[in-house]
Amino acid sequence: MSERKSAKRLDVVVIGAGFAGLYALHRLRKDGYSVRVLEAGKSIGGTWYWNRYPGARCDIESMQYSYSFSDEIQREWKWSQLYAPQPEILSYINFVADKLDLRRDIQLETRVVAATFDEQSRTWKVRTEAGEAFEAPFCVMATGCLSVPIVPTFPGMEKFEGEVYRTSDWPHEGVQLKGKRVGLVGTGSSGIQVTPVLAEQAEHLYVFQRTPNYSIPALNRPMDEEYEQAWKQNYPERRKAALATRINALSDFGTVPGSSVSYEEREREFERRWTKVGGFGFVHGYTDIMTDPAVNAHASEFVRKKIAALVHDPEVAKKLMPSDYGIGGKRICVDTAYFETFNRNNVTLIDVKSDPIRSFKPNGLSTQTQSFELDTVILAIGFDAITGALLKIDITGRDGLKLRDRWADGPKNYIGMAVSGFPNMFMITGPGSPSVFTNMVASIEQHVDWIADCIAHLKRKGVSSIEALPEAEEKWVSHVNEVANATLMPKGNSWYVGANIPGKPRVFMPYLAGAHVYKKAIEDVASKDYEGFGLA
Ligand code: N01
């Protein structure tokens, strides 16, 4: 047991030094508070620090997936590609940290294990793995939506004599795969991004796929100078316009429902979007693509036809086609030559839904019916999403209430930022907010600004605590569920509903009404003297 040191007192403790924690530090420090950011990693960057597997890149355009709060920064930084690769995003984050002199208030290699609200002093007492203690009236959870990787539990893994890597904490020095027989488990966004790169490096790549995904070509390309300048010269207006959309990003949004046009017209539009727009823009064509079963089925069928055209072997193509859920039922993937990779002689697809992985052995792994000799296994098996990082910390609110108990049936919250029973604790892009359905950087800025404005309001009013009221929370959670249930999205067995974690309550966690609707909702709450909160 490490020695307990006396607690450091601050105005705000921020947990996590990714995009969210860094902006929270900047904004709150600018507002005059003493702030400390506690970060488990050896460096800053959060998601973009850990997920450094080859092929990792963002799937929102970089001109938009970047901070907007400083016009100087957004004009100064130069993105090399339409969709920046992970090393460039990490360099950008480091550039911002240096530019704003953020590092002096960030404590690295500091994992927070517990946070407890002390009612008498109205402070959060935060404890780290090393036994260090911090105290502050406010605690900001900038812990990320996809930051707790699933721990694999394949039988016999300990017997495997080769190397095992996870995309979610890829070695900094890289991995040598030349001449190796590589097994990749998992075909979500990470698996789909890493596959084409692994195929180029490995002697042979075995892709173990449980559920096929809908993936759309990114159409990534070097940054066009004119395009970049058009953004830089119009940043303020474009950023503002982005916040009026449902994803906090500009895209080629269609304005009519797909049900109002003919099948042929939809087909032409899907074709245009597949070949000219790319990425998530594919599903932005019609307003009802996630709500009208027929339109959704058409878009899904269109992707399956593309897979059939891209993959030479019809049997492999069939295995790659999602068939038991519609597009959007799981997180849509964005790729660069993913399906084409299965035309290579050194790539084999194994369907582990019909033939599940049974166990590892010293020189590979076995499914129910086959055996594979492997030198390296790469796991891209996902995350305990949205609530995982919050529940990993032992959070205790008023009256000894544990967040783990409070959320036993799902993440109760008010406007995605607060939880009743947990005063002065704020979540950035928490459950009940649009989070992963939006441009995360913009949503992070929105939350940080809302929280900073809220703390300023409390100071002005001379009150020291704010807490979501149970009835407001109840109402918000029912609304979030109602909105989700009006779409086809909760139907898939996705991490949006916690289906990838055995025993996790099945609740659709993000708010789906659109970022623009959400923006108005949280602005209304603030303008009505923080309606739905109790101030004391
Ligand atoms: O994780 P996932 P991810 N045996 O959960 C499979 C963001 N992201 O890291 O679907 C065999 O999507 C699992 O199969 P199934 C993005 O939001 C963004 O890929 O459960 N297979 C699935 O195929 C994304 O959605 C970017 O049947 C097993 C895969 O592992 C989120 O992160 C890039 C298994 C996990 O897929 C998570 O993506 C990367 C088992 N026992 C990630 N267990 C960009 O911005 C799990 N699987 C581009």
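Heads up, the sequence shown is in the numbering used here, so the first residue is 1 and it goes up one at a time.
A virtual CB, placed ideally from N, CA and C, is assigned to each residue, including glycine.
Predicted, not measured: the structure shown is a model, and the values here were computed from it.
Can you determine whether any heavy atom of the ligand N01 sits closer than 7 angstroms to the C-beta of residue i, and answer yes or no?
i    : result
F280 : no
T167 : yes
G364 : no
V185 : yes
Q193 : yes
N220 : no
D453 : no
D59  : yes
W495 : yes
F208 : yes
L512 : no
A380 : yes
A56  : yes
T211 : yes
S190 : yes
N500 : yes
V334 : yes
R331 : yes
L90  : no
L146 : yes
F508 : no
I395 : no
V352 : yes
V436 : yes
F383 : yes
I247 : no
I357 : yes
Pull up the CB-CB distance for residue i and residue j, whole angstroms please, since I reckon it's below 8 angstroms.
i    : j    : result
V295 : G258 : 4 angstroms
I272 : Q81  : The question names Ile, but residue 272 in the sequence shown is Arg. That pair is no contact at about 22 angstroms.
R181 : A515 : Not confirmed; about 44 angstroms, so no contact.
E467 : P423 : 4 angstroms
P362 : E161 : 5 angstroms
M417 : W450 : 7 angstroms
Provide the residue(s) that pair with residue i in DSSP beta bridges, ordered along the chain.
i    : result
W274 : Answer by DSSP bridge pairing: none, since W274 is not bridged.
C333 : S215
K402 : T396
A133 : R127
Q209 : D351
Y414 : A418
P149 : F383
C58  : The partner list for C58 (beta bridge, DSSP) is empty, contrary to what the question assumes.
A114 : R127, D394
L38  : I15, Q107
E539 : With the chain represented from 1 up to 536, any question about residue 539 goes unanswered, as that position is not in the structure.
Where do the N-terminal and C-terminal ends of the alpha helix (DSSP H) with residue i fall, by residue?
i    : result
G21  : 19–30
S121 : That residue, S121, is in no alpha helix (DSSP H); it is neither H nor E in DSSP.
G258 : Per DSSP, G258 belongs to no alpha helix (DSSP H) and is neither H nor E.
D453 : 440–461
E109 : Segment: none, E109 is in no alpha helix (DSSP H) and carries neither H nor E.
R75  : 71–76
E523 : 515–527
A241 : 235–242
A484 : 470–485
V96  : 86–99
Could you spell out where the beta strand (DSSP E) holding residue i opens and where it closes?
i    : result
S300 : Per DSSP, S300 belongs to no beta strand (DSSP E); it is in the alpha helix (DSSP H), 293–310.
F533 : 533–535
F138 : 138–141
F426 : 425–427
Check whether the Cβ of residue i lies closer than 7 angstroms to any heavy atom of the ligand GDP, and answer yes or no.
i    : result
I216 : As presented, the structure is devoid of the ligand GDP, carrying the ligand N01 as its sole ligands.
Minimum length 4: unbroken alpha helix (DSSP H) runs contained in the region 163–203:
Whole alpha helix (DSSP H) segments, 4+ residues: 189–201.
Alpha helix (DSSP H) segments (min. 4 residues) lying fully within the region 317–383:
If only complete runs of 4 or more residues are kept, the region 317–383 shows the alpha helix (DSSP H) at 338–341, in order along the chain.
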